[in-house]
Amino acid sequence: MTSSPLTNRREAGEGRDRELERRLEGRTKWFQEGISDREGEDPWDKVELKKGAVTTVILTQPQVPDAQTGPDIEKKWADFEQLPIGEKRSPVGVQNPQTTNEVLTLRQQIEALRQVRVAAGVCGPDAPCALKLEQLEKEHRERRQKIHEEHERERREMERDKQRLLQEEAKNAVQAMEALRKAHREEIEKLKAHGGGETTDPSIRQQLRESLSLQHELDGLSERYSQQCLELNRIQNSTEERNGEIRRKEREMEQLRQENQMLLKVKESEVEFLHKEISCLRKEVQTLTKENEALSERYKQVYVELTELRGRSERDINALKEHLKLTDAALEEGRLLGNSTNQ
Numbered sequence: 001m002t003s004s005p006l007t008n009r010r011e012a013g014e015g016r017d018r019e020l021e022r023r024l025e026g027r028t029k030w031f032q033e034g035i036s037d038r039e040g041e042d043p044w045d046k047v048e049l050k051k052g053a054v055t056t057v058i059l060t061q062p063q064v065p066d067a068q069t070g071p072d073i074e075k076k077w078a079d080f081e082q083l084p085i086g087e088k089r090s091p092v093g094v095q096n097p098q099t100t101n102e103v104l105t106l107r108q109q110i111e112a113l114r115q116v117r118v119a120a121g122v123c124g125p126d127a128p129c130a131l132k133l134e135q136l137e138k139e140h141r142e143r144r145q146k147i148h149e150e151h152e153r154e155r156r157e158m159e160r161d162k163q164r165l166l167q168e169e170a171k172n173a174v175q176a177m178e179a180l181r182k183a184h185r186e187e188i189e190k191l192k193a194h195g196g197g198e199t200t201d202p203s204i205r206q207q208l209r210e211s212l213s214l215q216h217e218l219d220g221l222s223e224r225y226s227q228q229c230l231e232l233n234r235i236q237n238s239t240e241e242r243n244g245e246i247r248r249k250e251r252e253m254e255q256l257r258q259e260n261q262m263l264l265k266v267k268e269s270e271v272e273f274l275h276k277e278i279s280c281l282r283k284e285v286q287t288l289t290k291e292n293e294a295l296s297e298r299y300k301q302v303y304v305e306l307t308e309l310r311g312r313s314e315r316d317i318n319a320l321k322e323h324l325k326l327t328d329a330a331l332e333e334g335r336l337l338g339n340s341t342n343q
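Right under this line is the structure:
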């Protein structure tokens, strides 16, 4: 027994109804799962600035098989699926390569700056070691000033002692030389008083020998005094050179300290600039996240419209079913009447 065309049409209509309901249920389930996932996520959990990776928040399209449905629903779904929501990634993702490159470059600069600071031992203005560094510099300056003052005091004391010893030694040497000259003159006067010629008196000869010995001793003392004066001059010149070297080293240390302070200020300004860059990027990410939320709201509105359209389609389908039932009943009744008439 072959089925009538009306029966085939009714079965085809029921099959389309089941397929439509299955697709709508699948889309509803997919949308609810996507909304629940997005509501439980923190947008800042998607951004990993330290690692340079930006996780994308994707609004994927539902994978549903193609089927024959009502023209209005299919047209609405086709328009909806052509929206850029399904094709777009999160604004903080791969669809914004410039922002991603800036974030990566910023991360590399921060890492390089951190390595330079670790290698140079430089602390930032907000770092925990900044106060300790200032305290160490202050203690270093105070200790250096104290050592310098102590050195100057010792140098002045040594200079005074040296001058005093030189004066005492010179005074003693002059007194000894004067005494020897006086004794020598007295001996010469005595010799002249005795006649000035050669004498056979042993005492006079002894006095002459003593006089010559004293003269030699006086010459030795004079030579020794000259050598000591030269040695003292050499020591004084060496001390002055050493003091000049110390002052030069102090000037170099002061210059290095100033250069260190200048470099520290430059690094602090660079870190401050990078902090501002990070703040700007963070604000940009927040703005793009808000835009993504606005797109999600638009998606919800479209979904509500589709749900309402599905309700209207179901009512139309039910009305068509009732109409088909009435038509089938009328046709069946007409067929029975025709058979009765033929009999």
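Under full-length UniProt numbering, the residues of the sequence shown are numbered 1 to 343, in order.
Beta carbons: idealized from backbone N, C-alpha and C, even for Gly.
A quick note: this is a predicted structure, and the numbers were derived from the prediction, not measured.
Residue i versus residue j - alpha carbon distance
i           : j      : result
Ser222      : Arg248 : 39 Å
Arg335      : Val302 : 48 Å
Ser279      : Glu272 : 11 Å
Asp328      : Arg298 : 44 Å
Gln206      : Glu178 : 22 Å
Glu152      : Leu131 : 32 Å
Asn318      : Glu332 : 21 Å
Glu111      : Gly244 : 44 Å
Lys267      : Asn233 : 51 Å
Leu166      : Cys229 : 8 Å
Glu250      : Lys276 : 39 Å
Gln135      : Asn260 : 15 Å
Arg257      : Glu157 : 31 Å
Gly93       : Asp316 : Residue confidence for Gly93 is low, a pLDDT of 40 falling below 50, so the modelled location carries little weight and cannot support an answer.
Lys190      : Glu240 : 52 Å
residue 353 : Gln255 : As displayed, the chain neither begins before 1 nor continues past 343, which places residue 353 out of reach and without an answer.
Asn237      : Glu231 : 10 Å
Ser269      : Leu263 : 10 Å
Asp161      : Glu168 : 10 Å
Per-residue burial, residue i [other beta carbons within 10 Å of its own, 16 or more giving buried]
i      : result
Asn342 : exposed
Arg310 : buried
Ser313 : buried
Leu306 : buried
Asn292 : buried
Val304 : exposed
Beta-carbon proximity check, residue i vs residue j, cutoff 7 Å
i      : j      : result
Glu187 : Ser211 : yes
Leu180 : Leu208 : no
Ala173 : Tyr225 : yes
Residues near residue i in its chain [Cβ-Cβ closer than 6 Å; skip 5 each side]
i      : result
Glu159 : none
Ser340 : none
Neighbourhood of residue i by C-beta, 7 Å cutoff - its chain only, sequence neighbours within 5 removed
i     : result
Asp66 : In this predicted model, Asp66 has a pLDDT of only 43, less than 50, meaning its place in the structure is not dependable; the value taken from the coordinates is given anyway. Counting only Cβ-Cβ distances below 7 Å, and skipping sequence neighbours, we find nothing.
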